[in-house]
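Student: Chains as they are written, first to last, in this note's numbering: chain A, 1363 to 1684; chain B, 1363 to 1684.
Glycine included, every Cβ here is placed at the ideal spot set by N, Cα and C.
Values in this document were obtained by computation on a predicted structure and should not be read as measured data.
Protein chains: 2
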Amino acid sequence: MHRALVTGGAGFIGSTLADRLAADGVEVVVLDDFRTGYRAFVADLLERPNASLVEGDVLDPEALSRAMDGVDTVFHLQANADVRFGLDHPQRDLEQNTIATSNVLEAMRAAGAKRIVFSSTGSAYGEPTTFPTPETEAFPIQTSLYGASKAAGEGLISAYCHGYGFTGVVYRFVSILGERYTHGHVFDFYRALKRDPSKLRVLGDGRQEKSYLYVQDCVNGILTGLAAQDGPGFEVYNLGSDETLVVDDSVARITARMGVTPEIEHAGGARGWIGDSPLIQLDCTKIRALGWKPQLTLGEAIDRTLDWFEAHPEIVLETSPA
Amino acid sequence: MHRALVTGGAGFIGSTLADRLAADGVEVVVLDDFRTGYRAFVADLLERPNASLVEGDVLDPEALSRAMDGVDTVFHLQANADVRFGLDHPQRDLEQNTIATSNVLEAMRAAGAKRIVFSSTGSAYGEPTTFPTPETEAFPIQTSLYGASKAAGEGLISAYCHGYGFTGVVYRFVSILGERYTHGHVFDFYRALKRDPSKLRVLGDGRQEKSYLYVQDCVNGILTGLAAQDGPGFEVYNLGSDETLVVDDSVARITARMGVTPEIEHAGGARGWIGDSPLIQLDCTKIRALGWKPQLTLGEAIDRTLDWFEAHPEIVLETSPA
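Here it is in structure tokens:
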């Protein structure tokens, strides 16, 4: 890898990955429109001689083409990651996760770049019947527009690998936590408790079981699977922890760390929202067989996230939720 | 079902289905832009008082909205069915099969229509490892843009069923044959042999094993699965025959019926084109459990197709290939 493009490179996972690539000596191009990315996340990176920024949207062919110049590997992390509100604007996931991926693939084809890494999601399994869920789980029945749009992105990449000799490595993530985490329920809980530490409303019945992964473990996993890919082809890896945590236990960990004792109100129902999965636990045997394993426990990942929140009130408390 | 919209209703399967619905007393609206549909296929239909036409494209929101008026059930059959040439224009499948399906779903939501039938494809399995392939085959690795775009359409419909209480019935078809069949390799073979009966070039090595289904059996299957669907939900059915036919055997049946003895030239390779499946055989236990079974053998379906070709040279020989 000589020159890499990171779409969504000013976002949570994107900027963490971009930092790592630049530190490893790769020339890094960040493409971001700063709608949900933060300038602060790439400020240090862009001081480096081997990092540059193209400000724009992957839906803008001109910006995309400019960002693609000389690139051999694309980490396509830009996405609408707003899983819960898909039903409020049902074509946003299609545009930002499926059509955007098609645009990236076309820009790669035009520029001669043939290696793509894609951030998919455990939600692409819909509601699977096997736990932990392996990559070869049954043909999914999608339960969210987010999952559907990411599965569609995977399918496009796979067809490009087969049809044009691309190399594609897809990761189905659990929820990622850590420094720069700026959306999702741990973020929402923290902000709500900062506003009012006396009570907390939790979507669902609090018994949904989730898996999390620390962002540096995620970046290590991404690079591990990519390094194992030798030549054209298509591989999918689950990327998560073997642990799960029920929502109420996450809440307990968060409130303990924050030193608050709110009254917990459950909104009720087995799912936090329509399309929410009551249980996400991915079978990560495939990526572990390459020698990867997470360095942090779920609890440690939550603690790191909270410590970062405390150190960055200017981002965490000032931002309007994405 | 009171009033049904058939997108692609002037096409091969769409017009056959529209005829059947109208004969059953359903009010039928045909939406077609006649790019690949034929006015001749809906001429008789449109004489009926319970059938009407909206001329336009599903990518045109205004035409779609007009066609949706008062409709309770949508048979979304409009598609780019040009499986072999996806790599020549890689965003066409996305537009016509995925984005178009999203547009149809949005128009349904706006109009209050909540029941959709979708023509997917056995190609959505990519290259499966189980034969005959059941609906619950492993999470597919797409090998064609066509398969990827149809799988993406399925995912969208499934998410709408889960999120908005829609009813979705998806059929993964094998190749459909019969009266009004106007694209695909039987069509191409026939036209080539009419031009020059002395030789025939066959893509691949002639050993690819395909499954076919007669169009009236297909329409019966569509209506059988739909009738079994009671209230909101999402179901997928394979729709095909238990028989398969090797390409060379199809060629032999075609040439015998046509009374020609061409020299057969094989282009070579296990696949007819990139993204072609060397073997398609769907496990149709699920739809058969509802009492459906095909009435015609594969050979009989081929014969009916050839007889229709002979009777309609003005369509079969005059048309430029889609």
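1. If contact means a Cβ-Cβ distance below 9 Å, which residues of the segment 1633-1649 of chain A contact chain B?
2. If the cut-off is 7 Å on Cβ atoms, which residues from the segment 1495-1506 of chain A count as contacting chain B, listed in chain order?
3. Nearest CA to the CA of G1583/B: which residue from I1375/B, L1367/B, H1364/B?
4. Could you spell out where the beta strand (DSSP E) holding V1436/A opens and where it closes?
5. Give me the Cβ distance between A1384/A and R1365/A, rounded to the nearest whole Å; I'm assuming they're in contact under 8 Å.
6. Does the beta-carbon distance from G1484/B to L1644/B come in below 8 Å?
7. Exposed or buried, which one is Q1657/A when buried takes at least 16 other CB atoms within 10 Å?
8. Quick check for students: name the residue ranges of the alpha helix (DSSP H) that lie wholly in the segment 1458-1507 of chain B, counting only runs of 4 or more.
9. Please list, in chain order, all residues of the same chain as T1623/A whose beta carbon is under 6 Å from its beta carbon, the five residues on each side excluded.
10. Which residues of chain A have a Cβ atom closer than 9 Å to the Cβ of Q1440/B, listed in chain order?
11. To which residues of the same chain is E1680/B closer than 6 Å at the C-beta, ignoring the five residues directly before and after it?
12. Taking 8 Å as the threshold (beta carbon to beta carbon), is S1464/A in contact with chain B?
13. Among Q1453/B, M1363/B, A1673/B, which has the Cα closest to the Cα of D1386/B?
14. When you compare only the Cα positions, how much space is there between R1477/B and L1426/B?
15. Return no unless some Cβ of chain A is closer than 8 Å to the Cβ of S1520/B.
16. Suppose contacts are defined by Cβ-Cβ distances below 8 Å. Is V1581/B in contact with L1379/B by that definition?
17. Which bits of chain B does E1468/A rub up against, with CB to CB less than 9 Å?
18. With a 10 Å radius around its C-beta and 16 neighbouring C-beta atoms as the bar for buried, classify H1524/A as buried or exposed.
19. CA-CA distance, E1541/B and T1667/B?
20. Is DSSP giving F1528/B helix, strand or coil here?
21. Does any residue of chain A have a CB that is nearer than 8 Å to the CB of L1426/B?
22. For A1500/B and R1557/A, I'd like the C-alpha separation in whole angstroms.
23. Between the Cα of L1467/B and the Cα atoms of M1620/B, R1615/B, V1536/B, A1521/B, which residue gives the shortest distance?
24. Say whether the segment 1587-1602 of chain B touches the segment 1616-1636 of chain B, bearing in mind that this needs 3 or more beta-carbon pairs closer than 8 Å, one atom from each stretch.
25. Could you name each continuous beta strand (DSSP E) segment of 3 residues or more that falls completely within the segment 1614-1644 of chain B, going from the start of the chain to the end?
26. Which chain A residues are close to Y1552/B, counting only those with a beta carbon under 9 Å from its beta carbon?
27. Return the chain-ordered ranges of every beta strand (DSSP E) run that is complete within the segment 1397-1449 of chain B and spans a minimum of 3 residues.
28. Which same chain residues end up closer than 8 Å to E1516/B when comparing Cβ atoms and leaving out the 5 residues on each side of it in sequence?
29. Helix, strand or coil for R1563/B per DSSP?
30. Output the boundary residues of the beta strand (DSSP E) element that contains L1668/A.
31. Assign D1381/B to one of two classes, buried (16 or more other C-beta atoms within 10 Å of its C-beta) or exposed (fewer than that).
32. Please identify the residue among R1534/B, F1551/B, K1572/B, Q1570/B whose C-alpha is closest to the C-alpha of L1562/B.
33. So is E1424/B buried or exposed if we call it buried at 16+ other beta carbons inside 10 Å?
34. CB-CB under 6 Å to P1683/A, same chain, minus the five flanking residues each way: which ones, in chain order?
35. Just checking: is the beta-carbon of P1683/A within a distance shorter than 8 Å of some beta-carbon in chain B?
Tutor: Here's the rundown:
1. I1636, G1637
2. E1497, T1498, E1499, A1500, F1501, P1502, I1503, Q1504, T1505, S1506
3. For the residues I1375/B, L1367/B, H1364/B, the minimum Cα distance to G1583/B belongs to I1375/B.
4. 1435-1438 is the span of the beta strand (DSSP E), which, as asked, contains V1436/A.
5. The Cβ separation is near 11 Å, so there is no contact.
6. Their beta carbons are under 8 Å apart, which means G1484/B touches L1644/B by this criterion.
7. exposed
8. 1462-1473
9. Short of 6 Å from the beta carbon of T1623/A, and not among the five residues preceding or following it, lies no beta carbon of its own chain.
10. Neighbours of Q1440/B on chain A: none; closest Cβ ~17 Å, over 9 Å.
11. Result list for E1680/B: empty, nothing under 6 Å.
12. yes
13. M1363/B
14. When rounded, the separation of the alpha-carbon atoms in R1477/B and L1426/B is 16 Å.
15. Closer than 8 Å to the CB of S1520/B there is at least one CB belonging to chain A.
16. Contact: yes.
17. Chain B residues near E1468/A: P1452, Q1453.
18. buried
19. Roughly 6 Å separates the two Cα atoms.
20. coil
21. It does not; no Cβ of chain A falls within 8 Å.
22. 46 Å
23. It is A1521/B.
24. no
25. The qualifying runs are 1625-1628.
26. Here the premise fails: no neighbours, minimum Cβ distance about 28 Å.
27. 1413-1417, 1435-1438
28. F1480, S1482, A1486, V1532, V1598
29. strand
30. L1668/A -> not in any beta strand (DSSP E); alpha helix (DSSP H) instead, spanning 1660-1673.
31. buried
32. F1551/B
33. exposed
34. Annotation note: pLDDT 44 at P1683/A (below 50); position unreliable, coordinate value reported separately. Cβ neighbours of P1683/A beyond the five flanking positions: none.
35. Note that P1683/A scores a pLDDT of 44, beneath 50, so its modelled location is shaky; the value from the coordinates is reported in the next line. Taking CB atoms only, P1683/A has no neighbour in chain B less than 8 Å away.
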